[in-house]
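Report on the structure given below.
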Amino acid sequence: MLARLLTFLAVTLVTVPAARAADECLVCHSALGDTPSTMYPGDIHYRKGISCSGCHGGNPESSDPERAMDTTAGFIGVPRGNAISTACARCHSNAAQMKRWNSSVPTGQLEQLQASVHGKLSIEGRDRIAQCTSCHGVHQITAVGSPKSPVYPSNVVTTCARCHNNAVYIRSYNPSLPVDQLEKYRTSVHGIRNAKGDPKTAECASCHGSHGILSAKDVKSSVYPTNIPSTCERCHADPGYMKEYGIATDQYAKYAKSVHGVALLQKNDLGAPACNSCHGNHGAAPPGVESVSKVCGTCHALNADLFSASPHKKAFDERHLPECETCHGNHAIIVATDKLLGVSPEAVCSRCHSTADFPRGYRVAATMRALIDSLETSEAIADSLVENAEQKGMEIGEAKYKLREIRQARLESRTMVHSFNEEKFDAVVTKGLTVAAWVGGEARNALAEYVFRRIGLGVSTLIITVLAVALWLFIRRLERKQVREETVTNNSSIS
Amino acid sequence: MSTLGKKLYRWVDDRVHLGDLIEFMGKKYVPVHRGSIWYYFGGVTLFLFLIQVITGILLLLYYKGSEDLAFESIQFLMSKVSFGWLIRSVHSWSANLFILAAFIHMFSVFFEKSYRPPREMTWLSGMFMLFLGFGFGFSGYLLPWNELAFFATKVGTDIAGVIPLVGKPMMIFLRGGEDVTGATLSRFFGFHVAVLPGLFTVLLGIHLLLVQRQGMSEPLGAEDSPAADKKTMPFFPNFLLRDLLFWLIVLNVLAILAVFFPWELGQKADAFAPAPAGIRPEWYFLFMFQTLKYLPAQLWIVDGEVLGILLFALAGILWTLVPFWDRKSAKGQQSRIITYVGIGAIVYILVFTILGWLF
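As they're listed, the protein sequences go chains A and B. Mapping of the first sequence onto our numbering: position 437 corresponds to residue 437, and the numbering continues sequentially without gaps. Remember, our numbering sits 1000 above the position in the second sequence when you count from 1.
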């Protein structure tokens, strides 16, 4: 007992500022040897001169337990539930108070916490899910920048995992939320570096935020699909920040202009991939050469299957060429047009195939390009003929509907390119060309019918007009005859 | 006449005494005056009705009156059947010209006050035929089962549904249920090809019989002129040949319209699709439709739309019964108020139709 008292006195004399008044709470509780009072001298609040009563209330100047812990003097005991965060907020949400402690810590954390996904009611239905102490701890709270802090970059992942790795606990709030984030994170480049003590690599709070964490389904969340690229960009597009890692910082700029980036960022197409779609999120890592087609194949399944069964698969593997990326690129993937196919200088096939190197592939590429060009031309002609016939008021609904089949065949042929099989490709293109020929024929017939109608109209109008004129002349002749007969009858009756 | 022709004529004459008919027609005279041209619009309306009957029967050879097949059958008719496009276009155009000709005929009779005794029944039968003509137009509009017709029918039957007391049951009767569905199409088809033509034929028979029996109406005051001062022309062959001349001109106009402005088919109706922009009824309903659009939702304690419909119904009834309340014309006196009412009606219809077309 004496030893404890001496220790307490030694610690107090060393750490408490000289002007500090005696904290009778600590004196008694330390003498009793309870854990909180033993821990508290290591707490940043203690160092700032904040007494136990700062959170627990009561009179720290009285050595009489009755008076010190008198509830009429404001003693609240151990705060529970929301009262914990309310106790913290008494100072942390008060800018003037924080200024007095010479602190630059922002004062909006409680508001952010209350608005966050952790600010929702817990399953008991009384208090919020998380309080300040859930992450920052209690009685031995250190500055966020201290390696001892549970929210320090190398510690925060295990702090979050205390709940998020607990399947039973998480299931009670969100059964669909995975609980393997930490395991995945440990396999990621970020996680490996974090484990080595690198505070700069991304951890939970880097992407999800801290006090104001929102559900990933919330459009305002930093990990909502359309926000992910800019979240990753914060570090990965900063040359100064990334300098020591020796990786490029132009991924975001390239991605934003790519077909995927335009779809996600400009068209808000949530089906389009963000960074995490290819690299993973918690287990983020660059896909290896051998797994690129698996990554792309998640969405482009048919293309990936065709490629895997094609002769290119073996050739690429042997040369350690990343499969899809070799022709399409990675972050700066542009819209794949037919120009990529063939043997022209802009075609990707010609990078490996020439009349000298791999000549069979060169010939197949040239044939495929000629076929797809011919299908495109046939589609354009059929389209134009149908439009022309429609503009002339001809009923050509069925042919117009069949135009879709040509387009479908063209899309199929662009997929079939990945088989690099001339026969299969030819079959798809021929199907499209057959429909295009039928549609073109129908449209031409409609246009011929249009001319026929005009001629028919001219002839029938002429016949009707001639009949009308003849009838008019007949009426006039008849009426003149009637007048003459009437005149003769009148004259004869007069005479 | 050739010998064979004479023999045939004699054969028929022996049995039905054609000579009597020719003699009757030969004694029939049509008044000739500055408004004689309007007499021909009755004949033109009849001619257009006959075209409707003939083209309608031809359309029936291919049309299938069901929700799943109606649109496709018209599409087939227009694109695959020889001259199918022409038949449909002529049917649609002549339907519109028929209403136009009937309007002209009605207004000419109205301004000439030809409805005055003893021709009240002729006027009434004509008015009923005009209403049936509206019914033909409304029911026929839906038959292609295209998007515009579907939603226009929905709006049209909705309007009918707001009439107090009888509106809702009438709407359900017309639609064959709460909504416009295949059941609506089936009964509109039935009305269009069976019920309405049957009624129309009876009324047409009465109308023509009355015209033949009573002859053409003379302008007000002309009855008192001495017979020697009256200019006339024989109904047969002079008037009938001129009628034929008009018919040929109308036929030419119809052919030009059908070829240069073929009646569009549009998109197939889809009950789940949003209503397309620019839904409007046929032009002859447009002035009423536009008026209802301009009326405020509530007029004092009465619903604006209900009031509008009731006012149109009242105006229609008064117009139809004009022979019975225009006492001046009945006495052979000029009735300027009636003329002003007629001019007002024409101006109103024209202005609101144009507004409906523009906005």
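Cβ atoms here follow ideal geometry from the backbone N, Cα and C, with glycine treated the same way.
Taking a contact to require three or more Cβ pairs closer than 8 Å, the stretch 1282-1295 of chain B and the stretch 1121-1130 of chain B do not qualify as touching. If you keep only unbroken alpha helix (DSSP H) runs of at least 4 residues inside the stretch 339-408 of chain A, you get 359-391.
Under the three-pair Cβ rule at 8 Å, the stretch 1088-1099 of chain B counts as touching the stretch 1257-1270 of chain B. Against chain A, a Cβ distance below 7 Å from residue 1078 (chain B) picks out 395. By alpha-carbon distance to residue 418 (chain A), the top candidate from A:253, A:323 and A:109 is A:323.
By the C-beta density criterion, residue 146 (chain A) is exposed, having fewer than 16 other C-beta atoms within 10 angstroms. In terms of beta-carbon proximity, residue 1255 (chain B) lines the interface with chain A, with at least one pair separated by less than 8 Å. At a cut-off of 8 Å between beta carbons, residue 1276 (chain B) makes no contact with chain A.
The DSSP assignment places no complete run of the beta strand (DSSP E) inside the stretch 252-340 of chain A (cut-off: 3 residues).
Among the residues of chain A, those whose CB is under 9 Å from the CB of residue 1237 (chain B) are 475 and 478, following chain order.
The three-state secondary structure of residue 1184 (chain B), taken from DSSP, is helix. Among the bridge pairs identified by DSSP, residue 67 (chain A) is matched with none. Under the Cβ criterion of 8 Å, residue 464 (chain A) is counted among the residues facing chain B. In terms of beta-carbon proximity, residue 1249 (chain B) lines the interface with chain A, with at least one pair separated by less than 8 Å. In the structure shown, residue 1265 (chain B) adopts coil according to DSSP, grouped into three states. Taking 7 Å as the cut-off between beta carbons, the residues of the stretch 378-407 of chain A near chain B are 393, 395, 396, 397 and 398, in sequence order.
For residue 1233 (chain B), no alpha helix (DSSP H) segment is defined; the enclosing uninterrupted segment is the beta strand (DSSP E) at 1232-1234. Between residue 1186 (chain B) and residue 1065 (chain B), the gap from beta carbon to beta carbon is short of 8 Å. Against chain A, the CB of residue 1242 (chain B) has a partner CB under 8 Å away; the residue lies at that interface.
Not one beta carbon of chain A lies nearer than 8 Å to the beta carbon of residue 1032 (chain B). In the DSSP annotation of this structure, residue 229 (chain A) is not part of any beta strand (DSSP E); the continuous alpha helix (DSSP H) holding it starts and ends at 228-236. The CB of residue 471 (chain A) comes closer than 8 Å to the CB of 1241, 1244, 1245 and 1248 in chain B, given here in chain order. Contact annotation, residue 331 (chain A) with residue 255 (chain A): C-beta distance approximately 5 Å; criterion of less than 8 Å satisfied.
Here residue 445 (chain A) carries a helix assignment [DSSP, helix/strand/coil].
Of all residues in the stretch 1084-1118 of chain B, only 1085 come within less than 7 Å of chain A when Cβ atoms are compared, listed by chain position. Look at residue 1303 (chain B) here: in three-state DSSP terms it is strand.
Rounded to whole angstroms, the separation of the alpha carbons of residue 384 (chain A) and residue 1048 (chain B) is 38 Å. At a cut-off of 8 Å between beta-carbon atoms, residue 302 (chain A) makes no contact with chain B.
A distance below 8 Å separates the beta carbons of residue 1073 (chain B) and residue 1063 (chain B). With the rule of 3 Cβ pairs closer than 8 Å, the stretch 411-426 of chain A counts as touching the stretch 365-374 of chain A. In this structure, residue 1353 (chain B) keeps its C-beta atom at 8 Å or more from the C-beta atom of residue 1312 (chain B). Separation of the CB atoms of residue 1262 (chain B) and residue 393 (chain A) is rounded to 5 Å, and the pair is thereby assigned contact status at 8 Å. Within 9 Å of the CB of residue 1075 (chain B), the CB atoms of chain A belong to 395, 397 and 398, in sequence order along the chain. In terms of CA proximity to residue 1191 (chain B), B:1138 leads the group B:1351, B:1163, B:1215 and B:1138. In the structure shown, residue 491 (chain A) adopts helical secondary structure according to DSSP, grouped into three states. Residue contact check for residue 468 (chain A) against chain B: a CB pair falls below 8 Å.
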